[in-house]
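Structure first, commentary second.
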Amino acid sequence: MVLVYIDQADQQIKKASLEALSYGAALAKEIGCASEALVFGTVKDPLADLGKFGAQKVHQLKNETLNSLDVKVHSTLIATVAKNLNATVVVFAHNINGKAIAPAVSVKLGAGIVTGACSLPNTQNGFVVRKTVFSGKAFANIKMETPIKVIAINQNSFGLVEYNSAATIVEIKLDIPPASIKITKVEKIEGEIPLTEANLVVSGGRGLKGPENWGILLDLAKALGAATACSRPVSDTDWRPHHEHVGQTGIQIAPNLYIAIGISGAIQHLAGVNRSKTIVVINKDPEAPFFKAADYGVVGDAFEVVPKLTAAVLKAKAAN
Amino acid sequence: MKILVCISKTPDTTAKIAFIEGNTKFDESGVQWIINPYDEWYALVRAIELKEKDPATIIHLVTVGGVDAESIIRKALALGGDEAIRIDSTSNDSFTIADQIAQVAKEGVYDLILTGKETIDYNSACIGSMLSALLDLPFISLADHFELNGNTATVKREIESGVETCEVTLPVIVSCQKGMAEQRIPNMRGIMAARTKPLKIVAPAVSSATTNISQFDLPPSKSGVKLIDPENMDELVKLLKEEAKVI
Ligand SMILES: Cc1cc2nc3c(=O)[nH]c(=O)nc-3n(C[C@H](O)[C@H](O)[C@H](O)COP(=O)(O)OP(=O)(O)OC[C@H]3O[C@@H](n4cnc5c(N)ncnc54)[C@H](O)[C@@H]3O)c2cc1C
Ligand SMILES: Nc1ncnc2c1ncn2[C@@H]1O[C@H](COP(=O)(O)O)[C@@H](O)[C@H]1O
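Just so you know, the sequences run in chain order L and G. Each residue of the first sequence is one higher than the one before, starting from 39 at the first, in my numbering. Each residue of the second sequence is one higher than the one before, starting from 75 at the first, in my numbering.
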């Protein structure tokens with residue numbers, strides 16, 4: 039059986055987990071077994087809907103304390119459930135929580151693990167999973183040698199596959215181990231689209247000259263419904279918050295659209311964004327290295343081009 | 075207070091990524107090796123800062139790697155730290171690496187184990203979490219602040235929708251990212267001192283790999299950029315809608 043761990047934040051299921059579920063269902067079909075989901079905590083979304091993404095059954099451990107992450111507690115419980123259900127593959131989203139828990143679960147199950155997986159396993163000859171390495175600059179095909187396997191999949195690498203069915207919900211009862219950490223404060227980033235979940239991202243670099251000029255970028259992001267990001271020097275000089283820094287040493291993202299404004303395209307920056315489906319580069323220097331990695335390029339002054347682009351987006355939206 | 079910092083060796087961030095031997099091995103020719111940025115800038119420097127506050131602190135560095143990891147661990151010692159341990163294994167299976175570090179950690183009895191967020195070559199983000207399972211210790215991932223108050227640590231970590239502050243009783247494992255500390259450059263005194271700091275080489279404990287890299291490949295290169303007239307942004311919007319189908 040393929041078991042998919044469903045991650046939640048604020049009692050809402052993460053989109054990345056629906057993708058993991060789609061992946062798990064496709065894998066289950068390929069190896070000829072059932073695909074089931076595991077939900078922790080008091081999630082508000084209707085769980086039967088997980089059937090739409092391929093879960094036949096949803097196992098729920100309904101306990102409020104599980105709404106926030108405690109790696110020791112979560113990994114112990116997931117491993118116990120996986121063992122009880124005889125899962126042969128456990129799938130996670132390779133997001134903040136998945137990264138923290140999946141490796142511990144693999145140790146507890148004596149399972150091999152591949153994190154950052156980007157396609158379905160090849161089961162022709164053994165069990166080989168493809169993953170991104172060198173921050174997206176290459177791929178590695180990893181042979182998994184253990185009977186039980188743990189896979190954490192990259193966001194936006196598989197997509198959502200919808201079925202027309204509902205899942206049955208099974209409530210599990212397990213003793214919750216004592217908490218290993220105490221959460222004392224939660225600061226939410228309000229009203230913004232989290233960068234790692236965003237389909238559209240507008241990003242700015244040193245070419246924008248200063249924080250006072252970010253308005254044009256924010257207007258474009260708002261028109262598109264996009265999240266915002268920046269290059270490292272921009273967050274290093276506090277023009278923008280640290281959590282917007284993308285790249286080799288920042289966060290790695292893979293949206294459908296990445297618009298880079300006044301960013302030169304240094305190799306370390308590209309490492310964080312080169313998995314984006316479509317890249318648009320706006321730069322006044324036609325020699326900027328970013329153009330080599332771009333699908334669409336505009337050679338021009340950002341201060342003139344960006345407001346025009348925003349107007350064009352709004353015009354197209356209004357025409358719809 | 076005894077801290078263990080996990081140090082890994084990675085190719086310089088500008089290194090050319092190429093493969094040899096039928097795409098089964100990373101081409102190391104001409105590659106400059108560096109300390110994995112997260113391990114250096116954030117994990118190690120934070121440990122050094124803690125020692126500056128409380129000089130009784132002992133910092134050990136550990137790396138799992140071959141002889142060529144030695145210059146990297148010396149470089150780390152030049153920044154700070156009291157002694158280093160190299161576990162002589164060139165495995166790149168995360169479980170094997172974590173298993174080796176766990177042995178050293180059990181023997182050393184540390185109050186705090188720091189790792190980087192991930193290595194910039196294999197991007198596994200596994201070691202800290204695996205150590206937590208192997209040592210049965212709490213694990214806080216993606217931390218950007220760490221303060222100590224006696225036996226209690228206050229750590230800020232990134233969560234899906236923001237930032238969370240947690241309190242944890244030592245011992246604990248923490249993976250570090252940007253914000254944790256300010257990058258430092260080793261000075262001459264540090265470099266000289268590092269030469270005489272103990273570097274212990276230990277044989278790897280028996281551990282069997284759970285994964286093996288069978289082959290690498292490179293992404294197909296982009297077919298070429300389509301340039302759009304800066305005066306015609308309607309055209310760009312049209313292409314994004316109709317050709318790329320992303321908006
Ligand atoms: C170990 C290491 C790790 C690193 N990690 C990262 C990382 O994770 N992320 C990251 O981003 N960087 C990283 N860097 C830094 C990276 O090498 C570059 O220095 C950085 O990405 C450059 O940022 P930038 O493109 O904003 O600025 P610049 O390189 O200064 O580029 C500014 C660009 O703006 C253009 N421009 C100027 N004015 C205008 C205008 N009016 N209109 C349009 N365009 C204009 C210029 O032509 C230029 O191309 C790292 C570096 C190292 C050594
Ligand atoms: N070979 C190694 N030796 C020592 N520490 C390592 C090694 N590989 C990874 N680490 C540590 O584990 C962290 C996460 O690495 P990884 O799980 O490989 O992405 C790194 O930032 C290091 O702190």
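Note that CB positions come from ideal geometry on N, CA and C, so glycine has one too.
Suppose the cutoff is 8 Å on Cβ atoms and the five residues either side in sequence are ignored; what does the same chain contact list for residue i look like?
i, result
"L/V166", "P159, N160, N179, I180, K181 and M182"
"L/N202", "K90"
"L/L107", "N135, A138 and I139"
"L/P232", "A265"
What distance in whole Å lies between the Cβ atoms of residue j and residue i, which are believed to be in contact at a cut-off of 8 Å?
i, j, result
"L/S314", "L/Y334", "12 Å between Cβ atoms; not a contact."
"L/L41", "L/L123", "6 Å"
"L/G255", "L/I299", "Residue 255 of chain L is actually Leu in this sequence, not Gly. That pair is a contact at about 6 Å."
"G/V105", "G/P85", "5 Å"
"G/V178", "G/V141", "No, G/V178 and G/V141 are not in contact; Cβ-Cβ is about 18 Å, not under 8 Å."
"G/T87", "L/Q286", "5 Å"
"L/I317", "L/A331", "6 Å"
"L/T80", "G/S198", "Actually they are not in contact, since the Cβ atoms of L/T80 and G/S198 sit about 32 Å apart, beyond 8 Å."
Counting only the same chain and skipping the five closest in sequence on each side, list residues whose C-beta sits under 6 Å from that of residue i.
i, result
"G/L314", "V320 and I321"
"L/S144", "I151 and V188"
"L/A259", "V240 and T266"
"G/G154", "I122"
"L/S55", "I44, D45 and A131"
"G/V242", "P212 and A227"
"G/C200", "S168"
"L/V127", "V40 and K187"
"G/R148", "A268"
"G/K274", "I159"
Note the first and the last residue of the continuous beta strand (DSSP E) segment covering residue i.
i, result
"G/H134", "I132 to V138"
"G/V119", "Premise fails: G/V119 lies in the alpha helix (DSSP H), V119 to K127, not in any beta strand (DSSP E)."
"G/I108", "W107 to I109"
"L/I227", "Note, L/I227: premise wrong, no beta strand (DSSP E); not H, not E."
"G/T84", "K83 to P85"
"G/A158", "E157 to I161"
"L/L246", "Run containing L/L246: none; DSSP gives neither H nor E here."
Please report the residue range of the alpha helix (DSSP H) in which residue i lies.
i, result
"G/Q174", "S168 to G182"
"L/Y61", "K53 to I69"
"L/A331", "No alpha helix (DSSP H) holds L/A331; DSSP gives it neither H nor E."
"L/S113", "V109 to N122"
"G/R269", "M262 to T270"
"G/E144", "E144 to L153"
"L/P215", "Neither: L/P215 is in no alpha helix (DSSP H) and is coded neither H nor E."
"L/K353", "A340 to A357"
With which residues is residue i paired in a DSSP beta bridge?
i, result
"L/K359", "Given a span of 39 to 358 for chain L in the structure shown, any question on residue 359 of chain L remains unanswerable."
"G/L222", "G/A227"
"L/L76", "L/Y43 and L/H97"
"L/T316", "L/L295"
"L/S241", "L/A267 and L/A298"
"G/Q289", "L/N179"
"L/H283", "L/C268"
"L/Q50", "L/A47"
"G/I77", "G/I133 and G/L186"
"G/F213", "G/I247"
"L/N160", "L/V166"
"G/T239", "L/K223 and G/K230"
"G/F100", "G/F93"
"G/E114", "Beta-bridge pairing links G/E114 to no other residue."
"L/A155", "L/K169 and L/I191"
"L/L256", "In the DSSP output, where bridge partners are listed per residue, L/L256 has none listed."
"L/T234", "Note: L/T234 sits in no beta bridge, so no partner."
"L/I210", "L/I210 is not bridged to any residue."
Are the C-beta of residue i and some C-beta of chain C separated by less than 8 Å?
i, result
"L/P232", "Of the chains in the structure shown, none is chain C; the protein chains are L and G."
Enumerate in chain order the residues of its own chain whose CB-to-CB distance from residue i is below 7 Å, with the five nearest sequence positions on each side excluded.
i, result
"G/I302", "E309 and L310"
"L/A66", "V40, A72 and S73"
"L/L212", "L99, L115 and T118"
Legend entry - Short-range partners of chain L found in the segment 289-300 of chain G, where Cβ spacing is below 8 Å: Residues Q289, F290, D291, L292, P293, K296, V299 and K300.
Legend entry - Cβ-based contacts, 9 Å cut-off: residues of the segment 227-239 of chain G near chain L: From the segment 227-239 of chain G, only T228, V229, K230, R231, E232, I233, E234, S235, G236, V237, E238 and T239 have a Cβ closer than 9 Å to chain L.
Legend entry - Near-chain L residues of the segment 183-199 of chain G - C-beta to any C-beta below 7 Å: Answer in chain order: I194, D195, Y196, N197, S198 and A199.
Inset, instruction - Taking only beta carbons into account, state which residues of the segment 178-204 of chain L come closer than 8 Å to chain G, listed in chain order. - result: Flagged, chain order: A178, N179, I180, K181, M182, E183 and T184.
Inset, instruction - Return the residues of the segment 201-220 of chain G that lie within a Cβ-Cβ distance of less than 7 Å from chain L, sorted by chain order. - result: Within the segment 201-220 of chain G, the qualifying residues are S203, M204, S206, A207, L208, P212, F213, I214, S215 and L216.
Inset, instruction - Identify each residue in the segment 120-149 of chain L for which the Cβ-Cβ distance to at least one residue of chain G is less than 9 Å, and report them in chain order. - result: Hits within the stretch, in order: H132, N133, I134, N135, K137, A138, I139, A140, P141, A142, V143, S144, V145, K146, G148 and A149.
Legend entry - Contact set between the segment 154-180 of chain G and chain L, restricted to residues whose Cβ is under 9 Å from the partner: Result list: D167, S168, F169, A172 and D173.
Inset, instruction - Taking a Cβ distance cut-off of 9 Å, strictly less, list which residues of the segment 98-112 of chain G are near chain L, in chain order. - result: So the list reads F100, P111 and Y112, given in the order they occur along the chain.
Inset, instruction - Identify each residue in the segment 223-256 of chain L for which the Cβ-Cβ distance to at least one residue of chain G is less than 9 Å, and report them in chain order. - result: K223, V224, E225, K226, I227, E228, P232, T234, E235, N237 and L238: these are the residues of the segment 223-256 of chain L whose beta carbon lies less than 9 Å from some beta carbon of chain G, given in chain order.
Legend entry - Contact list for the segment 300-320 of chain L against chain G, Cβ threshold 9 Å: Within the segment 300-320 of chain L, the qualifying residues are A304, I305, Q306, A309, N312, R313, K315, T316, I317, V318, V319 and I320.
Legend entry - Contacting positions in the segment 325-337 of chain L - beta carbon closer than 8 Å to chain G: Under the 8 Å Cβ criterion, the segment 325-337 of chain L contributes F329, K330, A331, A332, D333, Y334, G335, V336 and V337.
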